[in-house]
Structures are given as structure tokens and as C-alpha cells.
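Chains as they are written, first to last, in this note's numbering: chain A, 18 to 181; chain B, 18 to 181; chain C, 18 to 181; chain D, 18 to 181. Every residue, glycine too, gets a C-beta built ideally from N, C-alpha and C.
There are 4 protein chains.
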Amino acid sequence: MGPGEKASSRDVRLAEELGELAARAGWIVLTGGRDAGVMRAALRGAKRVEGSLTVGVLPGRDPGDASPLADVAIATGMGEARNVVNVLSSDVVVACGTGGPGTASEAALALKAGKPLVLLAPSPEAAAFFPGLGAARVAETAAAAVEIAERERPRRGRPRRRAP
Amino acid sequence: MGPGEKASSRDVRLAEELGELAARAGWIVLTGGRDAGVMRAALRGAKRVEGSLTVGVLPGRDPGDASPLADVAIATGMGEARNVVNVLSSDVVVACGTGGPGTASEAALALKAGKPLVLLAPSPEAAAFFPGLGAARVAETAAAAVEIAERERPRRGRPRRRAP
Amino acid sequence: MGPGEKASSRDVRLAEELGELAARAGWIVLTGGRDAGVMRAALRGAKRVEGSLTVGVLPGRDPGDASPLADVAIATGMGEARNVVNVLSSDVVVACGTGGPGTASEAALALKAGKPLVLLAPSPEAAAFFPGLGAARVAETAAAAVEIAERERPRRGRPRRRAP
Amino acid sequence: MGPGEKASSRDVRLAEELGELAARAGWIVLTGGRDAGVMRAALRGAKRVEGSLTVGVLPGRDPGDASPLADVAIATGMGEARNVVNVLSSDVVVACGTGGPGTASEAALALKAGKPLVLLAPSPEAAAFFPGLGAARVAETAAAAVEIAERERPRRGRPRRRAP
């Protein structure tokens, strides 16, 4: 999860590396679906991996608005309420660039839903705020974020991972 | 789209054939995601096809509730409001078994959203009702439903199909 | 529940009478909130009654889009998914003008949610279709619709009515 | 907006005072609707004022779950996605007790939607975090929160206030 047009170049670089490493580890990579910023970067990283599977969950009504890098486009037509869908559909949530209010809402919703949350290279204010709300972990690199995700992901239930 | 536990054996048979034929034609097969009735049958038919891609959009909060036949599980946590997500995410909606109110709502929402709607082997009452609301077509076989879908699917925009 | 701009003049006349009679009987009158068609007419009828309380649940993001006749404006930002909110928030659903797909979705969602549904002066096709899906009743006049609503409304729980 | 069962006694006291002062100033008081914590306290404060109007927007499907202090109960059936409805329906959002993830999501969603946000007696971490995301103001008393709300509320559009 992360900002679109307002993403910093560092957020974009981190998101692309995260998407690639997550896909290599066999995760389905799900983003907010738009062809911008962290969303596009994470999908682009994931699609470098053969056999990867990517999902974009859009705020708007038109699946055609999804990044072409999303194998599956979900159009919710629900604006920011799609953030809830993103969070509930994920086994682990990584917030990449907590500088924006949309990403902050997803981080908070992840904690509310009891999902493992990783803050990837957060601002000092975000790193001080979210761990007070629930089980938030901080990672400084994409590799560390994926490592935490591997450790924290739910063991029970059907396997949610695909062999890459 | 179609009922879960209350699906008739004919609905289930039709849904399974529809899922298989749609996947063979290169469509992503999206259902309401639960492991029951028409939803499970359409996914099962699709997963018989190598390289197929299946999506389940659930009413509940737990992606683990999805049929294991769904490659991608979307957990909306929004109850019947997920019917809107199903419809908006689809290029063509096929209502299989319009005997239940959930499926009827999806058929109506498809027409409201301007999506092509195919009624597969509908009741006489459904066949008389829906075409008065918008561009609903009736098919008596799964093959005819896929044929209509091929003809009616939006041409513009990025390709939504995958090579099987 | 009923259409906006596409409402017939008969639908509008019936909705206005329904809103007035419902408010007089002490009901809170809830509509889709827009300042058009059946929605506006039902609110207008209700606001003729002193002490009435009206609610508009909007598809869009701006509460300022609500009819000025709605005492309370709820902005969902969820498009047609607000139809689910309308239905769940109601003790009894009256579909006024089932000629449109939006109203048809609300009627189907009402039956799915187990809410009492009254079809007010429906088309013959609607009158033949909906009762096959669940507990739908047909009324030919606004007075008959309110009478059915009084009889069918849930008895348990806190009083949902206000003294007019 | 604020926590339910986990609200501190200070949060509850502040919320009750806020509800009363807001209603006295002519505001409709809208909360998350449940009969607990900050939600109940704000409604209780408001209902001390004659002619006040209170609204509860619930996460669940049953309007009967609303606090009896809510004049209007909206049942969304959408879980935490109802937080989006709360925020969009409000002219000004006051976060009372930002210690919990649900309230934090509402504060973030308010900033994302461009709504004026007042943090009432926030934790130091919240007071450091949210103003970096958008137009968040901090108030240490309920009276100060209402004063900011009066100043920041949208001037355009139809009057959203009722004479008490």
C-alpha cells in the first residue's frame, strides 16, 4: 500500500524492489491498482518475476483504469472504502510511504483488522504513531519487509501462495 | 453469478460448463467466491482448463473462506454490497439461476452499470422481467452464453483476456 | 425506493402520497436522497407533516447533493452499493416504480436481507417476478402500502418510529 | 469519532461534553452508532439538548444495534468501510481519543477526503503524526473543538445545521 502521484522517488524505488522480492517469494502482490506511484512500482517489480500474479483493487468503477501490470483488476466503485477491501484481502500489509492520508488509513485499518502490518522506511512520526495502535513492525529495506511478512503470515487456512 | 447452497442441480451443471467454456475462450472467471453452488461449479469448470485464472469476490472478511478453486480471493467484508464489486469488475455478467434474490440483484446491478447481461436458462418470469430494464440477453446453453459474451464484450480499453 | 430522473408522473404522484402517509403514521422516511423523481417526491410528501423526519442516503461523496427536503444527508461515496445501506437501514422497503434497474436491485436486496417488501403499483412483469424470490407484497395504492408496512414491520427491538 | 468499549474515562467525558456543545450550537451529531464508549457519550450529550438531532452509522446489518440515543440509525453492513460513510457525511470530523486504530483510520480518511479534522486531546504521537498528513487541528477542550468546527465548516451549500 502506498501513494500514487505523490509518491517520492525513494518510495517508488522501495516499492519496486518490494514487489519483486515478494513475487519471488511466491506471494500474490495486491495494490490499489492505479497506474501511478507505489502502486505501479510494486506491480512492475512483481511482473519481472515469471509466473507472478498481481491484483489491483481500484477505487473507481472502471476496471480499464487499472495498471496494465495488474493481472486481475477489481473495480469497487467505492472510493476510499476500497482500502478496506485491500486490507481484508491481504495476509500481510506493507505500508510503503506513510506520508499520505490514504496509506495512513490503510495502515490503521490493517491494525483494526488484526492483520500483520509492516511499515517500510516510515517517517519518524509514523514509526512513533502506529506501533501504539497494534502489531506494527518497522523495516528499513524491502528485503527486511518480506522477511517479516514470511514470519508473520497466517499459517492456518489454505495456502495463499503460488509457486513462482 | 448465481446462488450458493440453494442452486439447483441444473444450475450447477450449467455453471460448470460455463466456467470451462469461458476459461477455454480466454476469459478470467470471476464469481462470488464461496465454495458452494454455482460459484464453486463455475470455478471448478474453469480450473479444468490449463492456464485459467479464477477470482472469488467474497461477502465476508476472511479470504480463507473462498473456494480453494479461486486463484485470487478478494474479501470485501461488505455483505451483499460485494455484488456491486462483482458486477463492476466484470466485462460481461452471466446470471446462472435467477431464482434467488442475490442473483437477481446482481442482474439488476449489471443493467444499472451498463454491463452486458446474459441470463442463462432463466425462469420464464426472469426472462420476462429483466429485458424490460436494459440490455439483457437470454441464452439456453452455456455455449450460447459464451458466444454472446464474446460478441458483447467491450472492445475498447486494454485486453482483459489471457491466453489460455 | 424508486427512480430519479426517469420516474413517471404516476410514480412521482404515488411517492409523494406515500411519503406523506408514512410520515403521518410516524415513520422515518428514508430515500436514495437525490433531489429528483421518486426520491424527491417521497421526501416532499413527508415534509408536509409536522414533526416528520427524513433521511437521504446518497450514492455520491457530497452531502450537499442531497435534496434540501432530507433532514439528514448520508453520503456513502459508494455508488449503487448505497442501495444495500438503504435496504439494511429500513424496517420496511417500498419499491415505487419498479421499471428501473436501480429500484429492481433494491427490491431484490430487500428480499435477500429478509426485509418486508411492498411493490407499489408494479408492472405486471415485476408483480410476477419478485414474489417468486421471497416475501414480496403488492399494493395498488399508497394507503395500502402503508397499511402493509404497519402490519409487517418488525415488532421486536427498540421503537424506530417517532411521534409525528 | 472515537473508540467504543476501549474508550478511556477521559475520552468518554470529553465526548459527552462535545456532543452537548455541538448540539447546542445547532449541529447534527453523527457517530459510529454503537451504544458504547465515545459513540454513546457523544449521543448522550447531544440528547440533553432539546431539539437536537443525532445519527448513528453502524458497521453491522441491524439498525436495532444502534444506541437508543441515535434518532436515525443507518445500518451499512460494511464493517470498517462505514468509517468512510461517517467521514463523507460529516462537515467537520472530531477525533476524540486517537488511541485506537478505528479512530485513526477515520482521522486519516477525513484528511484524505479534505474534511476539516479536529483532534480532541490527542496523544503526543497522534498530535505529531496527523498534521503532517493534512489540515488537522488540535483542541484540548470540547469547547475549543466546537469553536474550530464553527470556523472551519463549509460555508457554501445548503445549511446543514438545525436550530436547536
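Pairing A40 (chain D) with V72 (chain D) gives a Cβ-Cβ distance that is not under 9 Å. Counting along the chain, no beta strand (DSSP E) covers T120 (chain A); the unbroken alpha helix (DSSP H) around it starts and ends at P118 to K129. The C-beta of E34 (chain C) comes no closer than 9 Å to any C-beta of chain A. L150 (chain B) belongs to the set of residues whose beta carbon lies under 9 Å from a beta carbon in chain C. With a minimum length of 4 residues, the unbroken runs of alpha helix (DSSP H) contained wholly in the region 72 to 113 of chain B fall at 99 to 106. In this structure, V102 (chain A) and I91 (chain B) form a Cβ contact; the two beta carbons are roughly 6 Å apart against a cut-off of 8 Å. Counting only Cβ-Cβ distances below 7 Å, R78 (chain C) has contacts in chain A at G96, in chain order.
Beta bridge pairing from DSSP links L47 (chain D) with D:V72.
Taking a beta-carbon distance threshold of 9 Å, S122 (chain D) counts as an interface residue toward chain A. Against chain D, the CB of V101 (chain A) has a partner CB under 9 Å away; the residue lies at that interface. Within its own chain, the residues whose Cβ lies closer than 7 Å to the Cβ of E157 (chain C), once the five positions on either side in sequence are excluded, are A138, listed in chain order.
Sequence-distant partners of L86 (chain C) (beyond 5 residues in either direction) whose C-beta falls short of 7 Å from its own C-beta, in its chain, are R57, L60, R61, K64 and T71. Straight-line measurement puts the Cα of S140 (chain A) at about 51 Å from the Cα of V55 (chain C). Straight through space, the alpha carbons of G116 (chain B) and L38 (chain A) are spaced by roughly 46 Å. For A92 (chain A), the nearest beta carbon of chain B is closer than 9 Å to its own beta carbon. Contact with chain A is found for G119 (chain D), since one of that chain's Cβ atoms lies less than 9 Å from the residue's Cβ. Under the three-state reduction of DSSP, V135 (chain B) is assigned to strand. The beta carbons of M18 (chain C) and V163 (chain C) sit no closer together than 9 Å. Counting only the Cα atoms, S69 (chain D) lies some 36 Å from T93 (chain A).
Between the alpha carbons of A130 (chain A) and E22 (chain D) lies a gap of roughly 16 Å. Each of A:A83, A:V155, A:F146 and A:E167 was checked against the Cα of D108 (chain A), and the nearest Cα belongs to A:E167. If you compare the alpha carbons of D:A160, D:E169 and D:I165 with that of R30 (chain D), the shortest gap goes to D:A160. Judged by DSSP in its simplified three-state form, A166 (chain B) adopts helix. Of all residues in the region 126 to 146 of chain C, only L126, A127, L128, K129, A130, S140, P141, E142, A143, A145 and F146 come within less than 9 Å of chain B when Cβ atoms are compared, listed by chain position. Shown here for P118 (chain A): not one same chain residue has a beta carbon closer than 6 Å to its own, the five before and five after excluded. Chain-order list of chain C residues neighbouring L86 (chain D): empty, with the shortest C-beta distance near 10 Å, by a criterion of under 8 Å. Looking at the DSSP output, V155 (chain A) sits in a beta bridge with A:L136. A:S106 is the residue among A:S106, A:D88, A:A98 and A:P76 whose C-alpha sits nearest the C-alpha of P171 (chain A).
Assignment of P171 (chain A) by DSSP, reduced to helix, strand and coil, places it in the coil class. R27 (chain C) is classed as exposed because its beta carbon has fewer than 16 other beta carbons within 10 Å across all chains shown.
The C-alpha of C113 (chain D) is placed about 14 Å away from the C-alpha of I165 (chain D). G116 (chain B) has a beta carbon lying within less than 9 Å of a beta carbon in chain C.
If you check the CB distance, A121 (chain D) and L128 (chain A) come in under 9 Å.
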